[in-house]
Amino acid sequence: MKRDYLNSGGKKGAFIVSSNLSAGFNGTFPMDLPIVCQAYDSLGSVGILNSVATVNSNDDIGITGDIPGLCPSEYMICVTNTDRYDRKVTESGYNQTHVDLGACGESIPMVGISGLITEESGTSFASPHVAGLISLLYQFCSKINILNKTDPALAAKAMKEIVLSCGDELSTLKNITATGKRINALTALQYLNNYCSDSTIKLDILLILNNLTTGNILIKFNPSQFGTYHLQLYDNLGRILDDWDINFVPDNYNTFQTDISAYAPGVYHLRVDGKGQKWVKSLIKI
């Protein structure tokens, strides 16, 4: 349906941006079901980002197996279960590489067939929160909608970066999930709003506004892709004095500052690496 939508300019099919799968095959690996993993790559190629629930057992899925949780697709977010107290639910899967983050799936109100409200728990109720968040984010930004129609695969990757980077860090998810985070819808909306509402005229990708300074330096960076970029401050001898990893949004000047007042007067250089590119600007400490 999404392919029909894209090929017909919206006259056929449907504008689908996310999917959820609250099911899976425990004890299996990508080599056992390669067609499942290929399906997620196919969905991503047309701009669909997919949320999947991991197992409902306290197992490292990298050892015990889980499909689609172990699929290496860039267009998939594997979700474990957290409770209302921001703790990982014991009976939920984990893996530092393949389980991306958590979402609350414990004691979730549900309307049953009889119409009565009951509470249900499990990763199957955590994962839909992520799929719903993806769809919600597309409601508020024409820029990302246009990107999904012109470069759908890139849009899906960009949305994944937003969801993963905008979560809240939880101690019970640290070192057992890829991000150590639980989703945060408000933070993701604010992050996306900065990208969507910006109308800054593009200038240099990397700017140092006060490159003659006694202390604070103000840096602006305007990358072309979402993601994490590595920054290094080094001297003329090539010695690295400071470094950071920062998430940046494209088409929106990301401003931050750092203090170099403790360093000796001289020439310094700021280098930014990411997405296979690098930028360097120089400054003078007086």
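Under the numbering used here, think of the first position of the sequence shown as -7, with each following residue one higher. Every residue gets a Cβ at the ideal spot worked out from N, C-alpha and C, and that includes glycine. Keep in mind the model is a prediction, meaning the values are calculated, not measured.
Item: To the nearest whole angstrom, what separates the beta carbons of Gln88 and Ile175, a pair I think is in contact under 8 Å?; Value: No, Gln88 and Ile175 are not in contact; Cβ-Cβ is about 18 Å, not under 8 Å.
Item: Quick one: residues in its chain with C-beta nearer than 7 Å to the C-beta of Ser253, no 5 flanking neighbours on either side, listed in chain order?; Value: Thr206 and Gly207
Item: Report all residues from its chain with a CB closer than 8 Å to the CB of Val91; omit the five preceding and five following residues, and keep chain order.; Value: Thr46, Ile53, Gly61, Cys70, Val71, Thr72, Gly85, Ile168, Thr169 and Ala170
Item: For the structure I just gave you, are there three or more beta carbon pairs, one from the segment 151 to 167 and one from the segment 109 to 120, closer than 8 Å?; Value: no
Item: How close, in whole Å, do the beta carbons of Ser157 and Asn42 come, if the pair is a contact with beta carbons under 8 Å?; Value: Incorrect: roughly 18 Å between the Cβ atoms, too far for contact.
Item: Using the C-alpha atoms, what's the distance from Arg79 back to Val38?; Value: 35 Å
Item: Just checking Asp234 against the ligand HEM - is the residue's beta carbon closer than 6 Å to any of the ligand's heavy atoms?; Value: Annotation note on the ligand HEM: not contained in the displayed structure, which lists no ligands.
Item: Using a Cβ-Cβ cut-off of 8 Å (strictly less than) and excluding sequence neighbours within five positions of Gly301, which residues of its own chain qualify?; Value: Since the first residue of the chain shown is -7 and the last is 278, residue 301 is not available in this structure.
Item: Grab the span of the alpha helix (DSSP H) containing Ala147 for me, first residue to last.; Value: Pro144 to Ser157
Item: So is Ser65 buried or exposed if we call it buried at 16+ other beta carbons inside 10 Å?; Value: buried
Item: Considering only the beta carbon of each residue, do Ala177 and Leu125 sit closer than 7 Å?; Value: yes
Item: I need the DSSP call for Tyr130, collapsed to helix, strand or coil.; Value: helix
Item: Would you mind giving the Cβ-Cβ distance between Leu225 and Tyr260, rounded to the nearest angstrom? I have them listed as a contact below 8 Å.; Value: 6 Å
Item: Rounded to the nearest angstrom, what separates Glu112 and Thr74 at their Cα positions?; Value: 13 Å
Item: How far does the beta strand (DSSP E) with Arg231 in it reach, from first residue to last?; Value: Here Arg231 belongs to no beta strand (DSSP E), and DSSP marks it neither H nor E.
Item: Excluding sequence positions up to five away, which residues of its chain have a Cβ less than 8 Å from the Cβ of Pro26?; Value: none
Item: Let's see if you can read the secondary structure: which residues bound the beta strand (DSSP E) around Ile276?; Value: Gln269 to Lys277
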